[in-house]
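Asker: Just so it is clear: in the sequence shown, position 628 is 628 by my numbering, and no numbers are missing.
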Amino acid sequence: MESSRSLPTEAKVVIVGGGVIGTSVAYHLTKLGWKDIVLLEQGQLGGGTSWHAAGLVGRLRTSNSMTRINKYTVELYAQLQQETGHSVGWKQVGSLIVAKSEDRMIQLRRTMAMAELFGVEAHLISPKAALEKWPLLRVDDVLGAAWLPHDGKVIPKEVPIALARGARAGGAQIFENVRVLGIESKDGHVTAARTDQGIIKADYVVLCGGMWTRQLGLSCGVTIPLYPVEHHYVVTEPLPGAFDELPVGRDPDLCIYFRGEGEGVMLGAFQESSKPWMVDRVPEQFSFQLLEPDWEKFSVPLANGKHRIPALAKCKFAKFVNGPESFTPDNNFIMGEAPELRRLFVAAGFNSVGIASAGGAGRYLAEWMLTGEPTLDLWSVDIRRFGPWANNRTFLRERVTEVLGLHYQMSWPNREFESSRGVRQTPLHGLLTQQKACFGSKNGWERPNWFATGDVKPVTEYSFGRQNWFDCHAQEHRACREKVAIFDQSGFSKYLFKGPDALNVLQRLCGADVDTPVGKAVYTGMFNDRGTFESDITVIRIAKDQFYLISGTSQTVRDQDWIRRNLEAGQQADLTDVTEAYSVIGVMGPQSRALLNRVTDADLAHQAFPFGTAQSIETGMATVRAVRITYVGELGWELHIPASQAVPVYELLMKAGRDLGVVNAGHYAINSLRLEKGYRAWGADISPDDTALEAGLGFAIAWKKSASFFGKAALLEQKQGRLKRLLVTFVLQDPGPVLWGSEPIYRDGQAAGYTTSGSYGHSLGAAVGMGYVKCQDGVTPEFIAQGRYEINISGKRFPAAPHLKAPFDPERKKILC
Ligand SMILES: Cc1cc2nc3c(=O)[nH]c(=O)nc-3n(C[C@H](O)[C@H](O)[C@H](O)COP(=O)(O)OP(=O)(O)OC[C@H]3O[C@@H](n4cnc5c(N)ncnc54)[C@H](O)[C@@H]3O)c2cc1C
């Protein structure tokens, strides 16, 4: 590479790290026409984690965006040799996933159904057909298999070399043996990369340092939560019947993968529980190195491998690879511009899919840098999904033991992490635990999902059908519809936004008109220039130039980043995160007014306290901000309470409401209640891929407000044309099954979309879900009404009725009284 040349002193972009990811970012930036790109690698290209990967490249992932990333990667690898003259050893050998349990077969059926929608060819095949593809397999305990003919493998160490060649041909300069020691910044912007051979001034720095990236982030105050974990595979000596073109095989029930490697077999493991690499810092000198073989830790996968491929019992092993690689708290990689430092981009933490994702990840990161925003919905990998709480080393070390294995664990609906729990607790946590809450975690917050009653234990027993909490959930759901329920919603993101320009900023960011009288609460989308959702928030005007903003639990960092990055020079408006300062108790249901009347002197009558308004009221000895708003579609108030007073307010409410039938209710009830009322959830039903019109939320846009707002032009243009997709709520006609989300939707027998969320609607007496129905010729309400719909649940299609209004109480009578 460029080792004989001296380092430049200035560049437009400095990329740190020459693994598959860094070289892919360099390659794609040059493809987009960017010049003056410098890539720095502390050792040699590919010498970090990339060189020793197993080389498995699959196209299908669990979401559309991630599948697009992988599909593009395959296309890139298939043509890279022709373009660069350097082979990456791409072989389209196909891949096989065998199932030995009935639940795994259900999961495969669900996966196959989604593959069709994501444009990935995949087939369910018999054990006999699986044996034909992989003749060394034992299949007497196999129930079936999935076959993906377009998957394949590469020689991982060749990929960074080929990408670097392509990048150099596009003008990038690549230097090996140069270590970046720190990032320099001024006024919140990156200014330079400091290396062991001098400083390079830069407009952009991109951290692609693999498992070293967390410590690079810490050195400049940026949260990049990842941690190295040991990942093991072995390669046999030549084995009769083995050959290089054997498909990539996976047996997730046995936590193993296997493929042909020359005349031998490679056998790798995703153990249920894995070993973090116990280092305080990842050593700088670790180029083309491995950790010591750990045959003991590999003993179970080895036994499983010998079971699935009996020929392994008699063979010798030529190689044991124990390679460390970085894992993140949620098994998704980390991409995007750091919210703490402008023009510092990150692409790291690839959780064993870095080779298979490098092409797409590099491309979409480059596009993100070019346009200033992601060009498709990358929320699942967006760096802004983590707050600083997630960067704690103890938290990470414990969490990553579970993450590696997740690749092969069952993808149960509502599956929760078991490790590193209890990181963020609301003041009610102890009380709710005593009352048999079963918690889930979101953005680190422990949130009650449901409450156990009778003999049921507060532990979720996973399945694809009705889970053990079904009846408890039904009670909570009905109590909220018929009486009154209390919800701990303290994880909600909350901010104070103040200053002479606060209103102007919000008017530009929000689709709704938030220039309201003091005390009004407005739900609104925040859009980008494409007219798609950056977030949705509730804006409460609390003074002429002061606003209290509320959004979903996961949006805390993202919203603040979006608001701050869109402040114009000289604008005076100050944003403060008050999420942890206030707890939120939702008091929801037809008896909510009666209950609150017992604990406050405030006038809660409809005239005195109308829907969509907020007031400061006294409840017992606490003064709280009561907001008459609802996400469950019932009469109710959200009480925003100083966190120190949440417990007495909760106790007061529970005591006062006893004879009104008050119950605790959890987030599963919120989900089913809101689906019945057609309320959208950000991150599931509305995302940066969806516009307000497609989401059926055009009514929440103030087209005529005097201030212009982001996305208005795009939305107006869309309004004048025909929508190609529309969000529809579906209710199953059969009262039996449950919807979870990610189930294909068929219109008149043709695939038309998939569910973005789902639950069981106990007031409707059937499963309820939402999903976008697509049609290139246009989607209108008439088109929706005229179709015959079915939803594919685990391979079986169930008739469903479409609704563009709320399927339950479509006129919203109950909340407006
Ligand atoms: C055993 C094993 C098997 C795997 N199998 C597969 C597979 O089959 N398929 C798949 O898709 N993925 C697989 N992976 C995962 C894959 O290898 C990684 O996700 C991928 O290599 C990560 O690439 P990267 O560029 O982020 O990291 P790296 O390859 O580690 O590159 C980061 C580079 O940054 C450099 N660097 C760090 N700090 C600095 C600094 N301060 N200055 C300059 N340079 C710096 C490092 O030296 C390193 O070369 C496997 C991983 C392991 C361990």
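Quick reminder that beta carbons are idealized off the backbone N, C-alpha and C, glycines included.
Take S380 as the anchor and find which of N671, N392, A361 and N391 has the nearest alpha-carbon.
Answerer: Mapped onto the sequence shown, residue 380 falls at position 380. Nearest of N671, N392, A361 and N391 to S380, Cα basis: A361.
Asker: Tell me, please, which residues DSSP counts as bridged to P642.
Answerer: Here residue 642 corresponds to residue number 642 of the sequence shown, with the count starting at 1. The partner list for P642 (beta bridge, DSSP) reads Y582.
Asker: Using the C-alpha atoms, what's the distance from L404 back to K275?
Answerer: Within the sequence shown, residue 275 is the residue found at index 275, counting from 1. Within the sequence shown, residue 404 is the residue found at index 404, counting from 1. Rounded to the nearest angstrom, the two C-alpha atoms are 9 Å apart.
Asker: Can you find a heavy atom of ligand 2 that lies under 7 Å from the Cβ of E292?
Answerer: Because ligand 2 does not appear in the structure shown, any question about it cannot be addressed here, the ligands present being ligand 1.
Asker: Who are the near neighbours of G305 in its chain, counting only those whose CB is closer than 7 Å to its CB and skipping five residues on each side?
Answerer: Stepping through the sequence shown from its first residue, residue 305 is reached at position 305. Excluding sequence neighbours, G305 sits near I256, F258, L267 and L312.
Asker: Along the chain, where does the beta strand (DSSP E) that runs through W818 open and close?
Answerer: Because the chain is modelled from 1 through 817, residue 818 falls outside the range shown and cannot be assessed.
Asker: The alpha helix (DSSP H) spanning F327 covers which residue range?
Answerer: For the purposes of this step, residue 327 is taken as the residue at position 327 of the sequence shown. Looking at the DSSP string, F327 is not in any alpha helix (DSSP H); the run it does join, the beta strand (DSSP E), is F317 to F327.
Asker: List the whole-angstrom C-beta distance separating P208 from I21, where the pair is believed to meet the contact cut-off of C-beta under 8 Å.
Answerer: Against the sequence shown, residue 208 aligns to sequence position 208. Against the sequence shown, residue 21 aligns to sequence position 21. Correcting the residue identity first, residue 208 is Cys in this sequence and not Pro. Right, their Cβ atoms sit about 4 Å apart.
Asker: Could you give the C-beta distance for A852 and V248, rounded to a whole number, given that I count them as a contact under 8 Å?
Answerer: In this structure the chain extends from 1 to 817, so residue 852 is not present and cannot be described.
Asker: Would you mind working out which of L653, R384, W562 and T780 sits nearest A695, comparing C-alpha positions?
Answerer: As a first step, residue 695 is located in the sequence shown; it is residue number 695 there, counting from the start. Nearest of L653, R384, W562 and T780 to A695, Cα basis: T780.
Asker: So, are the CB atoms of G359 and H52 less than 8 Å apart?
Answerer: Locating residue 359 in the sequence shown gives position 359, where the first residue counts as 1. Locating residue 52 in the sequence shown gives position 52, where the first residue counts as 1. No, the Cβ-Cβ distance between G359 and H52 is not below 8 Å.
Asker: Residues in its own chain within less than 8 Å of G94 by CB, not counting five upstream and five downstream?
Answerer: As a first step, residue 94 must be located in the sequence shown, where it is residue number 94. Correct list, in chain order: K133, W147, L148, P149, H150, D151, G152, P247 and V248.
Asker: Report all residues from its chain with a CB closer than 7 Å to the CB of T630; omit the five preceding and five following residues, and keep chain order.
Answerer: Position 630 of the sequence shown holds residue 630. Result list for T630: M588, G636 and I815, in chain order.
Asker: Under 8 Å, do L675 and T755 count as touching if we go by C-beta distance?
Answerer: Here residue 675 corresponds to residue number 675 of the sequence shown, with the count starting at 1. Here residue 755 corresponds to residue number 755 of the sequence shown, with the count starting at 1. Contact: no.
Asker: With a threshold of 8 Å between beta carbons, is L506 in contact with chain B?
Answerer: Within the model displayed, chain B is absent; a lone protein chain is all it includes.
Asker: Among E534, Y650 and D513, whose alpha-carbon lies nearest the alpha-carbon of K705?
Answerer: Working through the sequence shown from its first residue, we reach residue 705 at position 705. It is D513.
Asker: Sorted by chain position, which residues of the same chain lie with C-beta nearer than 6 Å to G661's C-beta, five sequence neighbours on each side aside?
Answerer: Residue numbering aside, residue 661 sits at position 661 when the sequence shown is read from its first letter. Only K483 meet the Cβ criterion.
Asker: Specify whether the stretch 471–480 and the stretch 680–690 touch according to this definition: at least 3 beta carbon pairs, one from each stretch, less than 8 Å apart.
Answerer: Result no; under three Cβ-Cβ pairs closer than 8 Å.
Asker: How would you label R722, buried or exposed, when you count the other beta carbons within 10 angstroms and need 16 or more for buried?
Answerer: The residue you call residue 722 lines up with position 722 of the sequence shown. When all chains shown are included, R722 counts as exposed.
Asker: Hey, how far is the Cα of L163 from the Cα of A702?
Answerer: If you number the sequence shown from 1, residue 163 lands on position 163. If you number the sequence shown from 1, residue 702 lands on position 702. Straight-line Cα distance between these residues: approximately 48 Å.
Asker: If we ignore side chains and look at the alpha-carbon of each, how far apart do S3 and F175 end up?
Answerer: In the sequence shown, the residue the question calls residue 3 occupies position 3. In the sequence shown, the residue the question calls residue 175 occupies position 175. Here the model assigns S3 a pLDDT of 48, short of 50, so the residue's position is not dependable, and the following value carries that caveat. Answer to the nearest angstrom: the Cα atoms are 6 Å apart.
Asker: Can you tell me which of the three DSSP states R812 falls into?
Answerer: By 1-based counting over the sequence shown, the position of residue 812 is 812. In this structure, R812 counts as coil in the three-state DSSP scheme.
Asker: Could you check what DSSP says for T307 in three-state terms: helix, strand or coil?
Answerer: By one-based count along the sequence shown, residue 307 stands at place 307. The sequence given here has His at residue 307, not Thr. In the structure shown, H307 sits in a helix (DSSP, three-state: H, G or I).
Asker: Secondary structure at E116, three-state DSSP: helix, strand or coil?
Answerer: Residue numbering aside, residue 116 sits at position 116 when the sequence shown is read from its first letter. Helix, per DSSP.
Asker: Would you tell me roughly how many angstroms separate the C-alpha atoms of R110 and V773, rounded to the nearest one?
Answerer: Residue mapping note: residue 110 aligns to position 110 of the sequence shown, counting from 1. Residue mapping note: residue 773 aligns to position 773 of the sequence shown, counting from 1. The straight-line gap from Cα to Cα measures roughly 19 Å.
Asker: How should A303 be labelled, buried or exposed, when 16 other C-beta atoms within 10 angstroms of its C-beta is the threshold for buried?
Answerer: The count along the sequence shown starts at 1 and reaches residue 303 at position 303. So A303 ends up on the exposed side.
Asker: Using 7 Å as the cut-off, classify the Cβ of Y233 as near or not near the heavy atoms of ligand 1, replying yes or no.
Answerer: As a working note, residue 233 is residue 233 in the sequence shown. True, at least one ligand heavy atom lies under 7 Å from that Cβ.
Asker: In the DSSP assignment, what are the bridge partners of W450?
Answerer: For the purposes of this step, residue 450 is identified with residue 450 of the sequence shown, where counting begins at 1. Paired residue(s): C438.
Asker: Could you check whether the Cβ of Q42 sits closer than 7 Å to any heavy atom belonging to ligand 1?
Answerer: Here residue 42 refers to the residue found at position 42 of the sequence shown. Q42: yes, Cβ under 7 Å from ligand 1.
Asker: Considering G525, what are the terminal residues of the beta strand (DSSP E) in which it resides?
Answerer: Taking the sequence shown and counting its residues from 1, the one referred to as residue 525 is at position 525. Unbroken beta strand (DSSP E) run through G525: A521 to F527.
Asker: I'd like to confirm something about E325: is its beta-carbon nearer than 7 Å to some heavy atom of ligand 1, or not?
Answerer: Start at 1 with the first residue of the sequence shown, and residue 325 comes out as number 325. Correct: E325 has its Cβ closer than 7 Å to ligand 1.
Asker: From V738 to F470, what does the alpha carbon distance come to, in whole angstroms?
Answerer: Stepping through the sequence shown from its first residue, residue 738 is reached at position 738. Stepping through the sequence shown from its first residue, residue 470 is reached at position 470. Going by the C-alpha atoms only, they are around 10 Å apart.
Asker: According to the neighbour-count rule (16 or more other Cβ atoms, all chains shown, within 10 Å of its Cβ), is K655 buried or exposed?
Answerer: Numbered from 1 along the sequence shown, position 655 holds the residue referred to as residue 655. With fewer than 16 Cβ atoms within 10 Å of its Cβ, K655 is classed as exposed.
Asker: Does the beta-carbon distance from G43 to N177 come in below 8 Å?
Answerer: Taking the first residue of the sequence shown as 1, we reach residue 43 at position 43. Taking the first residue of the sequence shown as 1, we reach residue 177 at position 177. It is a contact, given that the beta carbons lie within the stated cut-off.
Asker: Give a single yes or no on whether P156 has its beta carbon closer than 7 Å to a heavy atom of ligand 1.
Answerer: Taking the first residue of the sequence shown as 1, we reach residue 156 at position 156. Within the cutoff, so yes.
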